[in-house]
Structures are given as C-alpha cells and as structure tokens.
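Participant:
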Amino acid sequence: MKQKRVKEQMKSINNRIALSFSLLIAGILLIIVFSASALFTDRFMEQKNSLMQERTMLLSQEIDKKIDLYRQLVRSLKRDYLVSQFIKGTNEDYDMLHSRLGYLTSSTYGVQRVSLVDPSGRMIDTPESENFNRPLAELSGLEHFLRSGREEKFSTPHNFPSPTISPDYMQNNSLSYLSVVRDENFEVSGYVLMNVGRNYLFPSSQSLAHSLFDSTYIVSKSDGVIYRLGEWNPELEQESLKFAREGYFGETYRTAGDYTYYKQEVSTYPDWIMVGVASNTALKKDLMQLIWVVGLIGSLGILVVMVISRLISWKITRPIYNMKNAMAKFEQGEMPNKLEVTTRDELAYLVNGFNHMLDDINAFIDAVYHEQEEKKKAEVAALKFQLESLQSQINPHFLYNTLNTVSYLALKSRCVEIRMLIQSLNTLLRSTLSNQNEMVPIKKELEFLESYVKIQSYRYEEPVAVVYQVDEGALGCPIPKLLLQPLVENALLHGIYPRQGPGRILVSISSLSDSVEVSISDDGVGMDPQTLSKIRERHRGFNSVGLSNVDERLLLYYGEESKLTIESTKNIGTVISFTIPRESRYNESGG
Numbered sequence: 000m001k002q003k004r005v006k007e008q009m010k011s012i013n014n015r016i017a018l019s020f021s022l023l024i025a026g027i028l029l030i031i032v033f034s035a036s037a038l039f040t041d042r043f044m045e046q047k048n049s050l051m052q053e054r055t056m057l058l059s060q061e062i063d064k065k066i067d068l069y070r071q072l073v074r075s076l077k078r079d080y081l082v083s084q085f086i087k088g089t090n091e092d093y094d095m096l097h098s099r100l101g102y103l104t105s106s107t108y109g110v111q112r113v114s115l116v117d118p119s120g121r122m123i124d125t126p127e128s129e130n131f132n133r134p135l136a137e138l139s140g141l142e143h144f145l146r147s148g149r150e151e152k153f154s155t156p157h158n159f160p161s162p163t164i165s166p167d168y169m170q171n172n173s174l175s176y177l178s179v180v181r182d183e184n185f186e187v188s189g190y191v192l193m194n195v196g197r198n199y200l201f202p203s204s205q206s207l208a209h210s211l212f213d214s215t216y217i218v219s220k221s222d223g224v225i226y227r228l229g230e231w232n233p234e235l236e237q238e239s240l241k242f243a244r245e246g247y248f249g250e251t252y253r254t255a256g257d258y259t260y261y262k263q264e265v266s267t268y269p270d271w272i273m274v275g276v277a278s279n280t281a282l283k284k285d286l287m288q289l290i291w292v293v294g295l296i297g298s299l300g301i302l303v304v305m306v307i308s309r310l311i312s313w314k315i316t317r318p319i320y321n322m323k324n325a326m327a328k329f330e331q332g333e334m335p336n337k338l339e340v341t342t343r344d345e346l347a348y349l350v351n352g353f354n355h356m357l358d359d360i361n362a363f364i365d366a367v368y369h370e371q372e373e374k375k376k377a378e379v380a381a382l383k384f385q386l387e388s389l390q391s392q393i394n395p396h397f398l399y400n401t402l403n404t405v406s407y408l409a410l411k412s413r414c415v416e417i418r419m420l421i422q423s424l425n426t427l428l429r430s431t432l433s434n435q436n437e438m439v440p441i442k443k444e445l446e447f448l449e450s451y452v453k454i455q456s457y458r459y460e461e462p463v464a465v466v467y468q469v470d471e472g473a474l475g476c477p478i479p480k481l482l483l484q485p486l487v488e489n490a491l492l493h494g495i496y497p498r499q500g501p502g503r504i505l506v507s508i509s510s511l512s513d514s515v516e517v518s519i520s521d522d523g524v525g526m527d528p529q530t531l532s533k534i535r536e537r538h539r540g541f542n543s544v545g546l547s548n549v550d551e552r553l554l555l556y557y558g559e560e561s562k563l564t565i566e567s568t569k570n571i572g573t574v575i576s577f578t579i580p581r582e583s584r585y586n587e588s589g590g
C-alpha cells in the first residue's frame, strides 16, 4: 500500500522536478564530501600515526633517563676506590664496603640491592656479613649474563629478595642490571650487580601510556615481554612480540586486525623495545566525530536544497497543478471555476484554452439541462394522464360504500377476519384511487403498507413476518405515496413465496442529518443477475407500478442520488434500498 502511494506521488510533475534537482545537487554534494573525506582521512591517519609515534618516543625517553641514571651509578661504583680494592683483593675493610653499598642502596631511588663479585667468587652486597662469600648461583641472572658475553645487561624479571621466579612476568617485581668490571689490562676482574624495582624503572610513563594506548609492552629481543601496562590480551601480546622482533628496519608502526602497533627502541638499551597498542576505533574517534559533523552539515545542505527545489518546482508547475485539480473536479461531476492566468509563457496558453473549454461545456450543459427539463415535464404529464384515466373508469365513492356495506355484514355475521380484510382493502383502494402524485408522511405510507401486508397474509398460507425498524424522526418526512408497497410485494413474490416456507421481511427507515435511508430486505431465495434484470424491466404488481416505475418516480422527484440500489444473492436474500432528502426537498416537476 505504501509503495503504491509513493508511485502515485511520483506521477506528479512537481515532485519529479523537485526530486530531479535534489538528486542532482545531492549527488554533487555527496561526491565532493566523500572525495574530501577520503583525502582527509588518509592525511588525518598519517598525522595521527606520526603523533602516536612521537608519543611512543617520549615514553621511550622516560625509560632512557632511568636506565642512564642506573648505568651512571654502576659506572661510578666501578670507579670507587673501595670497590676497586675489593675487586683486586687488597681491601679487607669489609665494614667500610658494607656501609658504602648500604648507603648506595638507601639513597638511590629504586635500588633494592648492590652486589660485588671478585675474581675468586667472593661476593658482598649488603651490610650484613652473612651474605659474604655466598654462592654466585644465587645472584639472579648472573649465570645467564656470563653466558651472554656482554659487557652489561638487564636480567629477566624476578622476585627480590625471594629466589623464586613466577612464570607470570608481571608477578616478578625486580630487574637486575649486571656489568663487567675490568682491570688496567682490560681483563675481567669482577662484576657489579644492581637490583632495581621494576615499578621504579617504568613509573613516570604509566599515566601517559594509559591515555594513549590500550596496552603497552616492554619487549626484550632476547628474553621476550618483560613488562605490560593494561589488561592482559594474549593476541595483542604475541603480535607485539612478533612486531618487536621481526619488524623490518624503519618500520615504526603496523596495523593488524582491529589494532595498530607502534614501536620505539630504547636508545640507551637497544635490546629493549617499547610497543604501544591502540585500537583503530580509538584512533579514528576524532576523525569519526569530524566526519559526523561534516555529514550533518551535508545532510542539512541537502535538506535545504530539497526545500528550495520544491519551492522552485512548485512555482513552475503551479498552473499545471491547478489545471489538474480542476480536471479532477470535472471528472467527479463538479464544475470548476475558471483558472487564473499567472504566467506569460506556454502554460498561460494552456490555461486560457482550458478556460475556453469550460465556457463551451457550461453552455452545452445548460442546453442539455433545459432539454431534460422539458422531457421530464412531458413524462410527468403522461403519467398523470394515465392515473387520471384509471381513476375515471371507476367511481371511487361507489367502491368505498360497497366495501363498507360488506364490512358491516361481516361484522354482523361475526366474521372478524373478513371484516379486517375488507378494511385493509378499503384503505389500500383509497390510497390507490386518490391522487397518486401527492406526498404523504412516512407514517401514513406505513399504514398503507400494513394494509397490503394483511391482505397478502390471507392470500397465502405460509407465515411471513414483516418487521418494522423506523426512527421516530423519520415518521413526519414526506414521501411519494405508495412507494414502499411495490418493494415489499417484490420481496414476497420473488423472495419469500418461491421458497415455500416461512420468511421474514425487514422494513428499515433511518433518519439521518439531511436525508432518510430506506431499506427493504428479505431472507428469500435471492436472484441471479438475469432474474434481477427481468424483474426490473417487466414486473407489474398490485397497483401496476413495478420496480422500474419506482425507480423512475425516485429519479423524477429526487434525481440520480435517490435511485434504487438492489443487492441480491442466490439462496440468501435480497436488499433494496434508496435515500431521499428530508422535508420536501424534491424536484418541483415531481410533485
């Protein structure tokens, strides 16, 4: 239904012109917006990736500063006189050395322990003497460091002071920075090991990292992931590790799936690489907001264009629209007013032609109307002549007096039914033999109808129930005399009696605001189209007035609006109805 309505609307030239202009301009705007958005999106993402890479570098530089601090601390320790004497084996003043290491541990932020190892394997790390000469294997990461052959190295995360290492690297709280001590001949003379709290190494970068990335990883090329900020996600962690180890030279970011990975090497310790992971949705958030604003502005622009196109097309097509409405009125039987000429173009020529056509049609209608009036008057005169001829053949007073005499004899003989039958016949004859063109109230017309029904009830054995549903407001409305009797007679003869059984006829008269609606329905045998046509044309009833004559009388008195409507279904019944105006509004030629 909705699709059909849209199709009907698209038949309007006004809508088609407005839609064509709107689609053309909207298409141009959309092409411009999409082209600009595509170019701007690429440029925006380039700048966004560059900005994210700069922020990753800032995070890396924070770690650089911490590593450089601890590295300088270790180097100054290796140059210390007491440490140098201990490494050479010439310093036995361990209390001074303990104090020196203890002061270094307590005064430097993040340092948990400093250990010294001489060539003989002696180790000193805290002021407590019991740690002296402890096995080298107990120093976290020392064995791995010795095998690596490097001058300095950070260990994998471990727990301090517990020797237990958790399989979850985030549960280990320390990193060990190990460095080789060499003598004047560049021979290995010992080692320095410094335990640093992992959270002290990466604290200042956490807030910035959280604001930029979903997850941030510190990846050791040799040892794997050693630190993480953000929720654990195995897929992100594996992709970050892969990117840190396998990324080609100069590749600073990579998009994989729904995330983009940014990496930056820690310059002071190249084995470490920082990898920041940001979701593409978060990266494009500002872009999407901007695109949404541009789309909104574009939509408003299209809406404005559609409104302007509609106004322009309406101004162009208004004369055509007015002409179309006038033609629609004419199709419905109404005579439209002349159209106003508002332009000086081809449309003005069409409007003038339409106005001339209206003048010609009005003149033709007037001629036909006068002709029909004359014809109608002639038909009414002929009908009056026919009725007057019938009335002149019988002396009405003679018939009335004779019937009254028979009624008296029936009463005297106690024949009540005969008397009632004669009274009904007398009433019906009076209505028939009097002026049939006169108007009577519906109340009087129903009395005539009841007399006819009583007579018919004595003629036929099968009981027929005639039910009256009449609004009180309609009883005083005038109606042509003997208009209902032929309709009830038709219901009896062609509906109820052929069925050979009891039946029911409903006489319904409804009072409306400016009209009266009359309906005669029965539950008889019904009629097929052929029978219905035959009855309309040939049937004549009690008073020689058939359905076709009733239809003609309605047409003469009230016009086309009051013609009979007959609906009939085989074996179900028939409904005959018509509508007349209230009071006495009927054609003067009819009464």
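In terms of numbering that gives the first Met the number 0, the sequence shown is residues 0 to 590.
For each residue, glycine too, the CB sits at the ideal point set by N, CA and C.
State the beta-bridge partners of Phe577 as determined by DSSP.
Facilitator: Residue 577 sits at position 578 when you count from the first residue of the sequence shown. Phe577 pairs with Val517.
Participant: Can you round the beta-carbon distance between Val549 and Leu531 to whole angstroms, since I take them to be within the 8 Å contact cut?
Facilitator: For the purposes of this step, residue 549 is taken as the residue at position 550 of the sequence shown. For the purposes of this step, residue 531 is taken as the residue at position 532 of the sequence shown. Contact doesn't hold; Cβ gap of about 14 Å is too wide.
Participant: Between the beta-carbon of Asn501 and the beta-carbon of Glu449, is there less than 7 Å?
Facilitator: On the sequence shown, position 502 is the one that residue 501 refers to. On the sequence shown, position 450 is the one that residue 449 refers to. Reading off the sequence shown, one finds Pro at residue 501, where the question assumed Asn. Not a contact, by the Cβ cut-off of 7 Å.
Participant: Helix, strand or coil for Ser214? Go by DSSP, reduced to three states.
Facilitator: Start at 1 with the first residue of the sequence shown, and residue 214 comes out as number 215. Looking at Ser214 - three-state DSSP - the assignment turns out to be strand.
Participant: Could you tell me the alpha carbon to alpha carbon distance between Glu238 and Gly294, rounded to whole angstroms?
Facilitator: Taking the sequence shown and counting its residues from 1, the one referred to as residue 238 is at position 239. Taking the sequence shown and counting its residues from 1, the one referred to as residue 294 is at position 295. Cα to Cα, the separation comes out at about 36 Å.
Participant: Which of the three DSSP states is assigned to Leu18 in this structure?
Facilitator: On the sequence shown, position 19 is the one that residue 18 refers to. Helix, per DSSP.
Participant: Kindly list the residues whose CB is nearer than 6 Å to the CB of Ile579, restricted to its own chain and excluding five residues on each side of it in sequence; keep chain order.
Facilitator: Working through the sequence shown from its first residue, we reach residue 579 at position 580. These residues qualify, in order along the chain: Val515, Tyr557, Ser561.
Participant: Closer than 8 Å by C-beta to Leu338: which residues in its own chain qualify, once you throw out the five before and the five after it? Chain order, please.
Facilitator: As a working mapping, residue 338 is identified with position 339 in the sequence shown. Here the set comprises Pro318, Asn321, Met322, Ala325, Val350, Phe353, Asn354.
Participant: Would you mind giving the Cβ-Cβ distance between Arg591 and Ser214, rounded to the nearest angstrom? I have them listed as a contact below 8 Å.
Facilitator: The shown model of the chain, from 0 to 590, leaves out residue 591, and the question about it has no answer.
Participant: Tyr268 by DSSP, collapsed to three states: which one?
Facilitator: Residue 268 sits at position 269 when you count from the first residue of the sequence shown. In the structure shown, Tyr268 sits in coil (DSSP, three-state: anything other than H, G, I, E or B).
Participant: Reducing DSSP to helix, strand and coil, say where Ser34 ends up.
Facilitator: Residue numbering aside, residue 34 sits at position 35 when the sequence shown is read from its first letter. If DSSP states are grouped into helix, strand and coil, Ser34 belongs with the helices.
Participant: Could you name the residues that DSSP lists as bridge partners for Asn194?
Facilitator: Counted from its first residue, the sequence shown places residue 194 at position 195. DSSP lists Arg112, Ser175 as partners of Asn194.
Participant: Roughly how many whole angstroms lie between the Cα atoms of Arg42 and Arg70?
Facilitator: For the purposes of this step, residue 42 is taken as the residue at position 43 of the sequence shown. For the purposes of this step, residue 70 is taken as the residue at position 71 of the sequence shown. C-alpha separation (whole angstroms): 41 Å.
Participant: Return the first residue and the last residue of the beta strand (DSSP E) that Arg227 is part of.
Facilitator: Counted from its first residue, the sequence shown places residue 227 at position 228. Its beta strand (DSSP E) spans residues 223 to 228.
Participant: Could you spell out the range, first to last residue, of the alpha helix (DSSP H) harbouring Pro501?
Facilitator: For the purposes of this step, residue 501 is taken as the residue at position 502 of the sequence shown. Note, Pro501: premise wrong, no alpha helix (DSSP H); not H, not E.
Participant: Less than 7 Å between the beta carbons of Val179 and Val187, yes or no?
Facilitator: Along the sequence shown, read from residue 1 onward, the residue named residue 179 stands at position 180. Along the sequence shown, read from residue 1 onward, the residue named residue 187 stands at position 188. The answer is yes: Cβ separation under 7 Å.
Participant: Can you give me the Cβ contacts of Pro497 inside the same chain, cut-off strictly under 6 Å, excluding the 5 residues immediately before and after it?
Facilitator: Position 498 of the sequence shown, counted from the start, is the residue given in the question as residue 497. These residues qualify, in order along the chain: Val524.
Participant: Is the CB-CB distance between Leu174 and Phe153 below 7 Å?
Facilitator: Indexing the sequence shown from 1 puts residue 174 at position 175. Indexing the sequence shown from 1 puts residue 153 at position 154. Closer than 7 Å, so yes.
Participant: Based on Cα-Cα distance, which residue from Arg503, Leu491, Ile508 lies nearest to Gly475?
Facilitator: Sequence index remark: in the sequence shown, residue 475 carries index 476 (1-based). The shortest C-alpha separation from Gly475 is found at Ile508.
Participant: Does DSSP put Val596 in a helix, in a strand, or in coil?
Facilitator: Here the chain covers residues 0 to 590 and nothing more, so residue 596 does not appear.
Participant: In terms of residue numbering, what span does the alpha helix (DSSP H) encompassing Ala490 cover?
Facilitator: Here residue 490 refers to the residue found at position 491 of the sequence shown. Unbroken alpha helix (DSSP H) run through Ala490: 484 to 490.
Participant: Inspect the beta-carbon positions of Val466 and Leu505 and report whether they are closer than 7 Å.
Facilitator: If you number the sequence shown from 1, residue 466 lands on position 467. If you number the sequence shown from 1, residue 505 lands on position 506. Yes, Cβ-Cβ distance for Val466 and Leu505 is below 7 Å.
Participant: Whose C-alpha, out of Val303, Lys87, Val304, Asn232, is nearest the C-alpha of Tyr190?
Facilitator: Within the sequence shown, numbered from 1, the residue matching residue 190 stands at position 191. The candidate whose alpha carbon is nearest that of Tyr190 is Lys87.
Participant: Identify every residue that forms a DSSP beta bridge with Tyr168.
Facilitator: Here residue 168 refers to the residue found at position 169 when the sequence shown is read from its first residue. BP columns for Tyr168 are empty, so no partner.
Participant: Please name the residue in Leu177, Tyr176, His157 whose C-alpha comes closest to that of Tyr168.
Facilitator: The sequence position of residue 168 within the sequence shown is 169, counting from 1. Comparing Cα positions, the closest option is His157.
Participant: Which whole-angstrom value describes the C-beta separation of Leu555 and Lys375, a residue pair presumed to lie in contact below a C-beta threshold of 8 Å?
Facilitator: Reading the sequence shown from its first residue, position 556 is the one you call residue 555. Reading the sequence shown from its first residue, position 376 is the one you call residue 375. The pair is a contact, with the Cβ atoms about 6 Å apart (cut-off 8 Å).
Participant: Quickly, what does DSSP pair Tyr467 with across the bridge? List them, please.
Facilitator: Within the sequence shown, the letter at position 468 stands for residue 467. BP columns for Tyr467 point to Val506.
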